[in-house]
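Residues in the sequence shown are numbered from 1 upward in steps of one, following our numbering.
The structure appears right after this line, and notes come after that.
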Amino acid sequence: MKGKVLTLLRENEHTFLSGEKISRELNCSRTAVWKQINSLRNEGFDIVATQNKGYQLIKGGRDLSEHNLISRIKGNGLFHKVVYYPSVSSTQTIANQLVNEGDSEGIVVVADEQTDGKGRLGRPWQSQKQSGISMSLVLKPDIDFRQAPQLTLVSAVAVTRALRERTGLSIDIKWPNDLLVNGKKLAGILTEMQVDPDRIQSVIIGIGINVNHDNFPDELTSIATSLKVESGEEFDRADLIGEILREFSWLYETYLSKGFSFIKPLWEAHSLSIGKVITARRARDSVEGEVIGINDEGVLLLKDNQGETHHIYSADIDIKS
Ligand code: BTN
């Protein structure tokens, strides 16, 4: 109910909405509306009330509460449910549980803090309270499981475009899943999937973004950054989440209908690696060479100094020049 009141106010952010109109829309009493307005005000929403005109939302709430987040996905064709936790071990774990319980595509799990955040290749991911974005998206794409890594690239493009749009910062993608600003890591993406013998049961896209961090522990200072460190500004995490989900939704639908060839140029437009000499450290060996691009499957193509092209499916990369 509170979420619905907030959604209506947000849809009419530039005008007043009478208590009567809200109560009619939501099929409840005006007193019930008034109670929800007060409760939203207690949460920090700036809502003015004028006797003859009604209510107007002056400034959207900046918190990560479920109803605030739900009001940001209104009209989003893909995402329809948000589950929020103030503190959780990992949003990936919760998303996996939801899938096992039979939940459908289009669920977003968001946490303010993760106590056991997971990074790629079994590494830990730090998610400190009131600073970052930690969320997992539940998808059930009808694609071959070998194509699932492409979704990491679709996600990287979506997050990059949304953050560039909202912050104006020059954010680039380091293959496959790191988002960097000025050479330091701003965000990471972890793609996990559950596979039946021949079909994908679900893909869970975990997105971690450093947003309002003022600084980082000593061991991370030289390699990590945040939107605030780079711009000097604080950002509304709920607004960023809404924009990322909007961007993700249309890119994902377009990817499913038109294929990866539509995503490839968008990914290349923000890629930091193309034309650079890199070392790709794989599980068993390392390859050095120049990045010549990605192929239509999203696999990184590396040309070594003998002119041989290597297909890199999974690796950590160091950019040399
Ligand atoms: C990486 O760069 O290694 C990937 C980091 C992914 C972190 C996100 S935060 C939300 C989701 N929950 C997790 O435990 N991990 C991902």
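Idealized CB from N, CA, C, for every residue including glycine.
A quick note: this is a predicted structure, and the numbers were derived from the prediction, not measured.
For the alpha helix (DSSP H) holding residue i, just list the boundary residues, first then last.
i    : result
I263 : F260 to A269
P149 : A148 to T167
I94  : T91 to N100
E105 : Careful: E105 lies outside any alpha helix (DSSP H) and carries neither H nor E.
T221 : D218 to T221
L186 : That residue, L186, is in no alpha helix (DSSP H); its beta strand (DSSP E) goes K184 to V195.
Would the beta-carbon of residue i be found less than 7 Å away from any heavy atom of ligand 1?
i    : result
D324 : With the chain running from 1 to 321 in the structure shown, residue 324 is simply not present.
Q126 : no
L245 : no
T91  : yes
L300 : no
M135 : yes
K303 : no
Q97  : no
L64  : no
K184 : no
Is residue i helix, strand or coil by DSSP?
i    : result
G117 : coil
G289 : strand
S29  : coil
A283 : coil
L9   : helix
K74  : coil
A315 : coil
L240 : helix
K228 : helix
T254 : helix
Q36  : helix
S87  : strand
L69  : helix
K4   : helix
G19  : helix
S127 : strand
G122 : helix
Give the straight-line distance between the Cα atoms of residue i and residue j, rounded to the nearest whole angstrom.
i    : j    : result
K185 : M193 : 24 Å
L8   : S87  : 29 Å
T160 : K118 : 21 Å
D144 : G44  : 46 Å
I241 : V83  : 13 Å
H80  : E233 : 30 Å
G54  : E25  : 14 Å
S231 : P197 : 47 Å
N76  : S249 : 7 Å
K258 : D63  : 36 Å
L57  : G293 : 47 Å
Q150 : S202 : 14 Å
Along the beta strand (DSSP E) that carries residue i, what are the first and last residues, could you check?
i    : result
H310 : T309 to I312
D178 : D178 to V181
S136 : I133 to L139
Q201 : I200 to I209
V48  : D46 to T50
D172 : D172 to K174
Task: Three CB pairs or more closer than 8 Å across the stretch 167–177 and the stretch 202–220 - done: Not touching, per the Cβ criterion.
Task: the stretch 118–135 in contact with the stretch 89–98 per 3-pair CB rule at 8 Å - done: yes
Open item on the list: I want to know whether the stretch 130–140 touches the stretch 278–292 - three or more CB-CB distances under 8 Å.
Closed with: no
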